[in-house]
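First to last, the protein sequences are chains L and X. Heads up: the first sequence at position 79 corresponds to 78 in numbering that gives the first Met the number 0, and the numbers run straight through without jumps. Heads up: the second sequence at position 85 corresponds to 84 in numbering that gives the first Met the number 0, and the numbers run straight through without jumps. By construction, the Cβ of each residue, glycine as well, lies at the ideal position given by its N, Cα and C atoms. Following: one structure in structure tokens, then a few remarks.
Number of protein chains: 2
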Amino acid sequence: MKGISIKDIAKQAGVSPTTVSFVLNGKAKEKRISDQVSKKILKLAAKLKYKPNQLARGLRTGKTKTIGLIVEDIANHFFANVAKIVEEEADKFGYKVLYGSTEDSQVKAKGLLEVLEYRQVDGYIITPTPNLDKEIEQLRHARKPMVLMDRYLPQIPTNYVMVNNFQGAFDAAEYLLKMGYGKIAVVTITSEQIQMKERLNGFSAAMKTHKAPFPRKMLKKIPFTATKEEAVSQIKAFIKDIPGLDAIFFTTNYLGIYGIESLKELGLKIGKDIAVISFDDHDLFRLHTPGITCVAQPIHDIARNLIQVLMNELSQNNHQINQVVLPATLVKRESCTKSVSLTLEK
Amino acid sequence: MKGISIKDIAKQAGVSPTTVSFVLNGKAKEKRISDQVSKKILKLAAKLKYKPNQLARGLRTGKTKTIGLIVEDIANHFFANVAKIVEEEADKFGYKVLYGSTEDSQVKAKGLLEVLEYRQVDGYIITPTPNLDKEIEQLRHARKPMVLMDRYLPQIPTNYVMVNNFQGAFDAAEYLLKMGYGKIAVVTITSEQIQMKERLNGFSAAMKTHKAPFPRKMLKKIPFTATKEEAVSQIKAFIKDIPGLDAIFFTTNYLGIYGIESLKELGLKIGKDIAVISFDDHDLFRLHTPGITCVAQPIHDIARNLIQVLMNELSQNNHQINQVVLPATLVKRESCTKSVSLTLEK
DNA sequence: GTTAGAGGCTAAATCGATTAAGCAGCCACA
DNA sequence: TGTGGCTGCTTAATCGATTTAGCCTCTAAC
């Protein structure tokens, strides 16, 4: 019932476990094991379907071939898709993935990091929560292979892979302006998350570049902790409060979804009464009528880069910092088509 | 740099590693270790922040406190949500989760099972693919703790946790009939997946019960391997081919999504020109205008039961089989409101 | 005074792999 | 004859915990 061990092979081949280990680790040449013995061992291993015990190996080598993936919410479209590719890519290098969701809570993140350490994962992919600086700094100090995703901690020089939030938001704003919208509001979350700040900065910068006004009152921050109902009611109040509002930029996908719900409840027609653009793509945005224009993140590229950077760290002692910023793509749909409808109305 | 081991504690406490192990495993009383020594060890362990090395422990005990989760697609709304709760629930028992997606491919599933075995997971949660009977049977034979989800293999008596597919589909069909629809089509996938068959059976049974016709030509099977574009084009062709069609039941969420896209492209108004109902809920269905009526799976309950059944298996030798079938809920939205709109039209 | 039993702890084997160190045997060359 | 070097393997330590078997010491009982 128990698995085949290296000893079983050794016994059957009439050699020592050491020899078996050498051969199976491809060190036959290096360790001067004869071809004869080599072949015999390989054959036996295949015949017995030998699977090395990862625990024993890990105990000895200190490597578990496991990486920890900490996301904000594995049930969220963006993170779930990243997780999927991460798993596939990691598998190519022989790594398995342990995952966990933080819900953006520092306490949960700390708990996850602790458990992952305890399980001796070889490397970490982390979506940091607020106030996680100390823990990240500790990992960095311990020289643990690690790469941050979705956001980074400005005070700590680490590897990270992210979308270009500034550029994505800049493009979104510029696009709205080009499409003829003048009174544009932004709905974001009250959070110190750096990526949200950068999206806001990108937006502001575009407005400034094009000499469009962007007064304080056009910005609404929804608490991260707000329930769906609270968020929708706040968004509705905010929209009603701005006469002549003709476009809204939502800085993340779930805000966009809440926004759609809010506008629906207010009886405003997206694309006609008001333009909508959101960060992150979503099935919902694609299939909504009208389709919702959005700033899409290159999910595949993000996941692939995450693994690449991590594998790079894992395979060498070269502690060069890799900071990858990938371009966002503006996906144009019908939610921002004032000029088109104007044309049609003529 | 290395972690604190049991030896370090032993040395500092002036006792043997054995004693430390006994105390830390709560066997102080049983092994007659004095309170004095016990306390000293516990204090030291806390002070040094001792974390037992799971590899060493696992090697000795044969338990890794890890479970393997095999889903069809971790990026899919249903599986991602189940995965999230599974992770949370497992954590409560001190277990971590390794995951992988099969894409419903037997080859990938076999690969995943192999890797999980290799990593000595203690138990499995498996969404079986077609033709996985042999592998599942092997696991069963090896008395590995295991529970299937989403679907089961009729030939093999195993634990499973599923939604009541028959009842869910039955309710959907009955509801459509009650709402006054007569010409109802079904779009499903060409797959031997038992849950899809049961959904179809439930639907047929309801039609039969209510003496409604359900001829063969009202059923469309889309190949599981079809790309989105292929699926949409097939669904469009199917719909165009049936004059007087007034409602469609999609047997799974992504077919529902493709269906919405197809109808959109055909210029048919959901809820007005045609009713739509889908298995599985989704943000998209909730926020679509009009909202899409669906048969929702009790995701929380499913995940909780999965862990409960698995923990049950893990904690005892009692090999009683647990087969949990949970009720589906019909979530009524505006996509099936013919009678209402008829009322309004009067 | 000897023995039984309990109390309090430890030595050493073990899980299954990796790996540093080393040991024969053989040949070559001085 | 002796030394060095190569070939082809093995011995034994090691990773960090668990666990079996057992060693003292002391008390109590006969």
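* To do: May I ask you to list the residues that DSSP assigns as paired with X:Ala274?
  => If you number the second sequence from 1, residue 274 of chain X lands on position 275. X:Ala274 pairs with X:Ala246.
* To do: Tell me L:Val185's beta-bridge partners as DSSP assigns them.
  => Stepping through the first sequence from its first residue, residue 185 of chain L is reached at position 186. When DSSP reads this structure, L:Val185 sits in a beta bridge with L:Leu218 and L:Phe248.
* Check whether L:Ile247 and L:His287 have beta carbons under 8 Å apart -> Against the first sequence, residue 247 of chain L aligns to sequence position 248. Against the first sequence, residue 287 of chain L aligns to sequence position 288. Result no, Cβ atoms of L:Ile247 and L:His287 do not sit closer than 8 Å.
* Asked: Of all the CB atoms in chain L, is at least one closer than 8 Å to the CB of X:Asn304?
  -> The residue given as residue 304 of chain X occupies position 305 in the second sequence. X:Asn304 does not count as touching chain L.
* Closer than 8 Å by C-beta to L:Met206: which residues in its own chain qualify, once you throw out the five before and the five after it? Chain order, please. => As a first step, residue 206 of chain L is located in the first sequence; it is residue number 207 there, counting from the start. Hits under 8 Å: Ala172, Leu176, Ile183, Pro212 and Phe213.
* Asked: Rounded to a whole number of angstroms, what is the C-alpha to C-alpha distance between X:Lys95 and L:Leu97?
  -> On the second sequence, position 96 is the one that residue 95 of chain X refers to. On the first sequence, position 98 is the one that residue 97 of chain L refers to. CA-CA distance, X:Lys95 to L:Leu97, rounds to 7 Å.
* Rounded distance between the beta-carbons of X:Gly122 and X:Glu312, thought under 8 Å -> Looking up residue 312 of chain X in the second sequence gives position 313. Looking up residue 122 of chain X in the second sequence gives position 123. About 7 Å; that satisfies the 8 Å criterion.
* Asked: Along chain X, in chain order, which residues have C-beta atoms closer than 7 Å to that of L:Leu283?
  -> Locating residue 283 of chain L in the first sequence gives position 284, counting from the first residue. Neighbours of L:Leu283 in chain X, taken as residues at a C-beta separation under 7 Å, are given in chain order as Asp282, Leu283 and Leu286.
* Asked: Closest by CA to X:Gln166, which one among X:Thr328, X:Gly2 and X:Glu333?
  -> Translated into the one-based positions of the second sequence, residue 166 of chain X becomes position 167. Cα-wise, what sits closest to X:Gln166 is X:Thr328.
* In or out: L:Pro153 buried (at least 16 other Cβ within 10 Å) or exposed? -> As a first step, residue 153 of chain L is located in the first sequence; it is residue number 154 there, counting from the start. With fewer than 16 Cβ atoms within 10 Å of its Cβ, L:Pro153 is classed as exposed.
* Asked: Of all the CB atoms in chain L, is at least one closer than 8 Å to the CB of X:Ile183?
  -> Residue numbering aside, residue 183 of chain X sits at position 184 when the second sequence is read from its first letter. No - not a single Cβ of chain L is within 8 Å of the one on X:Ile183.
* To do: Evaluate the contact criterion for the segment 266–282 of chain X versus the segment 230–250 of chain X: three or more CB pairs, one atom per stretch, below 8 Å.
  => yes
* Taking 7 Å as the cut-off, is the CB of L:Thr328 close to at least one heavy atom of the ligand COA? -> For the structure depicted, the ligand COA is absent and the ligand set is empty, with no information on it obtainable.
* **Residue environment, X:Val19, which counts as buried when at least 16 other CB atoms sit within 10 Å** => Taking the second sequence and counting its residues from 1, the one referred to as residue 19 of chain X is at position 20. It counts as buried.
* For X:Glu191 versus X:Pro129, is the C-beta distance shorter than 8 Å? -> For the purposes of this step, residue 191 of chain X is identified with residue 192 of the second sequence, where counting begins at 1. For the purposes of this step, residue 129 of chain X is identified with residue 130 of the second sequence, where counting begins at 1. Their beta carbons are under 8 Å apart, which means X:Glu191 touches X:Pro129 by this criterion.
* Would DSSP call L:Tyr180 helix, strand or coil? -> Sequence index remark: in the first sequence, residue 180 of chain L carries index 181 (1-based). DSSP places L:Tyr180 in coil when its eight states are reduced to three.
* Would the beta-carbon of L:Thr8 fall within 8 Å of that of L:Leu47? -> Against the first sequence, residue 8 of chain L aligns to sequence position 9. Against the first sequence, residue 47 of chain L aligns to sequence position 48. This sequence places Ile at residue 8 of chain L; Thr is not what is there. A contact, by the Cβ cut-off of 8 Å.
* To do: Mind reading off the beta-carbon distance from X:Thr63 to X:Gln119? Whole number of angstroms is fine, and I expect it under 8 Å.
  => Counting from 1 along the second sequence, the entry for residue 63 of chain X is found at position 64. Counting from 1 along the second sequence, the entry for residue 119 of chain X is found at position 120. Between X:Thr63 and X:Gln119 the beta-carbon gap is near 5 Å, inside 8 Å, which marks them as a contact.
* Straight-line gap, L:Phe21 to L:Lys30 (C-alpha atoms, nearest Å) -> For the purposes of this step, residue 21 of chain L is taken as residue 22 along the first sequence, with counting starting at 1. For the purposes of this step, residue 30 of chain L is taken as residue 31 along the first sequence, with counting starting at 1. Looking at the two C-alpha atoms, the distance is approximately 7 Å.
* Exposed unless 16 or more other CB atoms sit within 10 angstroms - verdict on X:Asn24 -> Within the second sequence, numbered from 1, the residue matching residue 24 of chain X stands at position 25. Label assigned to X:Asn24: exposed.
* Compare the C-beta of L:Leu343 with all C-beta atoms of chain X and state if any pair is closer than 8 Å. => Locating residue 343 of chain L in the first sequence gives position 344, counting from the first residue. Only weak support exists for where L:Leu343 lies, its pLDDT of 36 falling under 50; the coordinates are left without a value.
* To do: Assign X:Val162 to one of three DSSP states: helix, strand, or coil.
  => Along the second sequence, one-based indexing puts residue 162 of chain X at 163. Here X:Val162 sits in strand by DSSP.
* To do: Reducing DSSP to helix, strand and coil, say where X:Tyr123 ends up.
  => For this step, residue 123 of chain X is matched to residue 124 along the second sequence. DSSP places X:Tyr123 in strand when its eight states are reduced to three.
* Own chain partners of X:Thr126 with C-beta closer than 8 Å, once the 5 adjacent residues on each side are dropped -> Within the second sequence, residue 126 of chain X is the residue found at index 127, counting from 1. Cβ neighbours of X:Thr126 beyond the five flanking positions: Ile69, Val70, Glu71, Phe78, Thr101, Leu147, Met148, Asp149 and Arg150.
* Which class does L:Leu343 belong to by DSSP, given the choice of helix, strand or coil? -> Numbered from 1 along the first sequence, position 344 holds the residue referred to as residue 343 of chain L. Low confidence applies here, because L:Leu343 scores a pLDDT of 36, under 50, leaving its location unreliable and the question unanswered by this model.
* To do: Take X:Val323 and list the residues in its own chain whose beta-carbon comes closer than 6 Å to its own, dropping the five residues that flank it on each side.
  => In the second sequence, counting from the first residue as 1, residue 323 of chain X sits at position 324. So the qualifying residues of the chain are Val160 and Asn304.
* Report, in whole angstroms, the separation of the C-beta atoms of L:Gln233 and L:Ile241, which I expect to be a contact under 8 Å. => As a position in the first sequence, residue 233 of chain L is number 234, starting the count at 1. As a position in the first sequence, residue 241 of chain L is number 242, starting the count at 1. Not confirmed; about 13 Å, so no contact.
* Express the C-alpha separation of X:Val186 and L:Ala168 in angstroms, rounding to a whole number. => Position 169 of the first sequence holds residue 168 of chain L. Position 187 of the second sequence holds residue 186 of chain X. If I take the Cα positions, the gap works out to 40 Å.
* Asked: Is the shortest distance between the beta-carbon of L:Ser100 and the beta-carbons of chain X less than 8 Å?
  -> As a working mapping, residue 100 of chain L is identified with position 101 in the first sequence. By this cut-off, L:Ser100 is an interface position.
* Entirely within the segment 269–329 of chain L and at least 4 residues each: give me those alpha helix (DSSP H) ranges in chain order. => Every alpha helix (DSSP H) of 4 residues or more that sits fully in the segment 269–329 of chain L is shown, in chain order, as 282–286 and 298–314.
* Distance, Cα to Cα, X:Thr60 vs L:Pro51? -> Taking the first residue of the second sequence as position 1, residue 60 of chain X is located at position 61. Taking the first residue of the first sequence as position 1, residue 51 of chain L is located at position 52. C-alpha separation (whole angstroms): 17 Å.
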